[in-house]
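Heads up: the protein sequence lines correspond to chains R and X, in order.
Okay, so the first sequence: first residue is 1 according to the numbering used here, each after it adds one.
Okay, so the second sequence: first residue is 395 according to the numbering used here, each after it adds one.
Glycine is no exception: its CB is placed at the ideal position from the N, C-alpha and C atoms.
Model, not experiment: these values are computed from the prediction.
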Amino acid sequence: MKWNLIRTKVLAALVACLIVGVGGILALMHYSFARNSQTLAAESVTGAQKLFTILEARETSKMTAVSETLMMNPQVRDAFAAKDRARLLELTSPLYPKLKSEGITNWMFHTPEPDMVVFLRLHNPAKFGDHLNRFMDKEVVRTHSMVIGNELAKAGFAVRILRPFYDSQGGVAGYVEFGEEIGQFIHAMKNQTGDDYGLLLSKKFVDRQFWADSSAVWKRRDNWDDNPDFVVADKTTATDKIIQFQGDLSSVPAQGTALEYFRDGNSVFVRGIFPIRDAAGNNVGAMFVVRDISSFYVAMRHTQNVLVLMTVVALTLGIILVLTLLSRLVFRRLEHIIAVATRVVGGDYETEIRVSSDDEVGQFEQLFEQFRRVFVELLTHVPEFQEKPELQEK
Amino acid sequence: MSQLYDLRVAIENKIKTDALDATDVKGKIGLRSGRILALISPHTPDDPVAVAKLRQAVKDVLNINL
């Protein structure tokens, strides 16, 4: 390949255009995918957050309704007012399995202040008399009205309602509490959205020994050492592999944040995270959202391949067309002029240049033909030609 | 006899011997060397630069050293 030829330079320029075109498409598709995956991640976070809020509201409404119904039962009311634990257990224990099947896993009665100890745990009747001393306990004592919120306790991280329980005279006989494990929300969320979720708890708010004990109770692997700053309380996937977060849970913004996309084998995922606050407003944990966008990725790759193929075909056809036109309109005609010039210099004064068109090259052909005639005419006046006619070529 | 003329004769002999296209070969050599072979006569004065150019043109076109 001769680089001094116009043909080579034009070809090189067109091939460069082809490479830049394909590179541009690849870069554009990559940028588009990155932006779209970020949008999908943000949508997943927003959707999950809304769904979580809806589930929380629905479950607290359910627990509120149960507590209202319970307070209207005079036998329960009197047994609690009389602090007759055995009677209270007898009356309420048949109801607990039904509530548990509906997700209400925690049910407690508390004595009134100033002691405020656990009077009866329906989910663990043998254990009572302990102080919980949580934020919600203080709030319900302070306000004497229903307190709703998430609270970490020994039984786990749960959304709870805690409200005063009145005796027949309208005095506060104590408090009743219902709670649902937040961990079970994520399974309902997965059923609705198809996304995967992980409930993360900040280690700052979880006692190491409590975590070891509760892991034993729930027969789950003690995963305390898996991550430096948080523990995975529950998840919808069999593995923690896709739940990866390096930041500080307390710094996750209230509206949540989309994280980077990542690949695992042939699958592509986007991830996001939003905070979960306890009743006191602390960022005690976060919900990790993982959406499989493999089908979107495959569709994007297909579009990318089609675009690249179309660009390559279009530019290749363009290159062929441009080179064919240049060959016909310029190169061949220049080669003809060179051939005639060569023959004239070689002694063939009869060969004329054909003027094939009135375009730029045609004008040059015409000019060169006039020049050839002048040149031949000039040669006839050169003494060597006149004196040595045998040297003159045919 | 000049060196230039000797070269011209040698070229013409080579063309005859190898039955080459005379106008094409002479034209190419003429364009490369800047001399019209037909204008080189026995009395053409020698010019070392012109001789060297003609030899190089012969080398380029016919691939022979004269």
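Cβ shell of residue i (< 8 Å), same chain only, five flanking positions each side left out
{"i": "R/L307", "result": "I25, M29"}
{"i": "R/D226", "result": "V232, D240"}
{"i": "R/L55", "result": "F185, A188, M189"}
{"i": "X/P442", "result": "none"}
{"i": "X/R449", "result": "L401, N459, L460"}
{"i": "R/T351", "result": "V340, R343, V344"}
{"i": "R/F128", "result": "R85, V117, V118, F119, L120, R121"}
{"i": "R/N266", "result": "S294"}
{"i": "R/L11", "result": "I319, L323"}
{"i": "X/D440", "result": "S396, Q397, L398"}
{"i": "X/T438", "result": "S396, L398, Y399"}
Beta-carbon contacts of residue i that lie in its chain and below 7 Å, excluding the five residues immediately before and after
{"i": "X/K453", "result": "N459"}
{"i": "R/G103", "result": "E59, E180, Q184"}
{"i": "R/T362", "result": "Here the sequence assigns Gly to residue 362 of chain R, which means Thr is not the residue at that position. Result list for R/G362: V355, S356, in chain order."}
{"i": "R/L89", "result": "L120, P125"}
Continuous alpha helix (DSSP H) stretch holding residue i: start and end
{"i": "R/E365", "result": "360 to 379"}
{"i": "R/F52", "result": "6 to 71"}
{"i": "R/V344", "result": "332 to 346"}
{"i": "R/G247", "result": "Careful: R/G247 lies outside any alpha helix (DSSP H) and carries neither H nor E."}
{"i": "X/A404", "result": "397 to 412"}
{"i": "R/E139", "result": "135 to 143"}
{"i": "X/S427", "result": "416 to 427"}
Sub-9 Å separation of residue i and residue j beta-carbons
{"i": "R/R134", "j": "R/E151", "result": "yes"}
{"i": "R/S32", "j": "R/I161", "result": "no"}
{"i": "R/D196", "j": "R/T236", "result": "yes"}
{"i": "R/L200", "j": "R/G285", "result": "yes"}
{"i": "R/Y261", "j": "R/Q38", "result": "yes"}
{"i": "R/F52", "j": "R/M287", "result": "yes"}
{"i": "R/S168", "j": "R/D278", "result": "no"}
{"i": "R/A158", "j": "R/T92", "result": "no"}
{"i": "R/Q246", "j": "R/F274", "result": "no"}
{"i": "R/W224", "j": "R/A212", "result": "yes"}
{"i": "R/G174", "j": "R/P97", "result": "no"}
{"i": "X/I423", "j": "X/V445", "result": "no"}
{"i": "R/L18", "j": "R/I319", "result": "yes"}
{"i": "R/S202", "j": "R/D222", "result": "no"}
{"i": "R/V382", "j": "R/I6", "result": "no"}
{"i": "R/N4", "j": "R/M300", "result": "no"}
{"i": "R/V172", "j": "R/I242", "result": "no"}
{"i": "R/G198", "j": "R/D234", "result": "yes"}
{"i": "R/L14", "j": "R/L334", "result": "no"}
{"i": "R/G21", "j": "X/K420", "result": "no"}
{"i": "R/K100", "j": "R/H131", "result": "no"}
N-terminal and C-terminal residue of the beta strand (DSSP E) that residue i is part of
{"i": "R/Y175", "result": "172 to 181"}
{"i": "R/V460", "result": "Outside the displayed span of chain R (1 to 394) sits residue 460 of chain R, for which this structure offers no information."}
{"i": "R/D264", "result": "262 to 264"}
{"i": "X/L354", "result": "Absent from the structure is residue 354 of chain X, since the part of chain X shown begins at 395 and ends at 460."}
{"i": "R/A280", "result": "Segment: none, R/A280 is in no beta strand (DSSP E) and carries neither H nor E."}
{"i": "R/A153", "result": "147 to 153"}
Nonlocal neighbours in the same chain, by C-beta distance under 6 Å from residue i, ignoring five residues either side
{"i": "R/M108", "result": "V118, R121, E177"}
{"i": "X/A416", "result": "I409"}
{"i": "R/Y422", "result": "In this structure chain R extends from 1 to 394, so residue 422 of chain R is not present and cannot be described."}
{"i": "R/E365", "result": "I353, V355"}
{"i": "R/E139", "result": "V147"}
{"i": "R/F205", "result": "L152, V284"}
{"i": "R/F371", "result": "none"}
{"i": "R/L326", "result": "none"}
Output the residue ranges of the alpha helix (DSSP H) runs that lie fully inside the segment 74 to 121 of chain R and measure 4 residues or longer, sorted by chain position. You should have 74 to 81, 85 to 92, 96 to 101.
Given 8 Å, three or more beta-carbon pairs between the segment 30 to 45 of chain R and the segment 257 to 275 of chain R: Yes: the two stretches touch, three or more of their Cβ pairs being nearer than 8 Å.
Is there contact here, the segment 248 to 258 of chain R with the segment 211 to 221 of chain R, by at least three beta-carbon pairs under 8 Å? Result no; under three Cβ-Cβ pairs closer than 8 Å.
Contact between the segment 401 to 410 of chain X and the segment 369 to 380 of chain R is defined here as three or more beta-carbon pairs at a separation below 8 Å; is this criterion met? Contact between the segment 401 to 410 of chain X and the segment 369 to 380 of chain R is absent, because fewer than three Cβ pairs lie under 8 Å.
Is it true that the segment 355 to 364 of chain R meets the segment 423 to 430 of chain X, where meeting means three or more beta-carbon pairs spaced less than 8 Å apart? No, the segment 355 to 364 of chain R is not in contact with the segment 423 to 430 of chain X.
Spell out a yes or no on whether the segment 71 to 78 of chain R and the segment 295 to 314 of chain R are touching, meaning 3 or more CB-CB pairs, one atom from each, closer than 8 Å. As far as the Cβ criterion goes, the segment 71 to 78 of chain R does not touch the segment 295 to 314 of chain R, which means the pair count is below three.
Report the start-end ranges of each alpha helix (DSSP H) in the segment 282 to 332 of chain R that is 4 residues or longer and not cut off at the edges. For secondary structure counted as the alpha helix (DSSP H) over 4 or more consecutive residues, the segment 282 to 332 of chain R holds these complete runs in sequence order: 294 to 326.
Using 8 Å as the Cβ pair cut-off and three pairs as the minimum, do the segment 77 to 97 of chain R and the segment 129 to 148 of chain R touch? No: the two stretches stay apart, fewer than three of their Cβ pairs being nearer than 8 Å.
For the segment 334 to 353 of chain R against the segment 307 to 323 of chain R, are there 3 or more C-beta pairs whose distance is under 8 Å? Output reads no: the segment 307 to 323 of chain R does not touch the segment 334 to 353 of chain R.
Give, in chain order, every unbroken run of the alpha helix (DSSP H) that is at least 4 residues long and sits entirely within the segment 164 to 243 of chain R. Listed in chain order, the alpha helix (DSSP H) runs fully inside the segment 164 to 243 of chain R are 183 to 193, 208 to 217, counting runs of at least 4 residues.
Contacting positions in the segment 406 to 422 of chain X - beta carbon closer than 8 Å to chain C: Looking for chain C here will not work: the only protein chains present are R and X.
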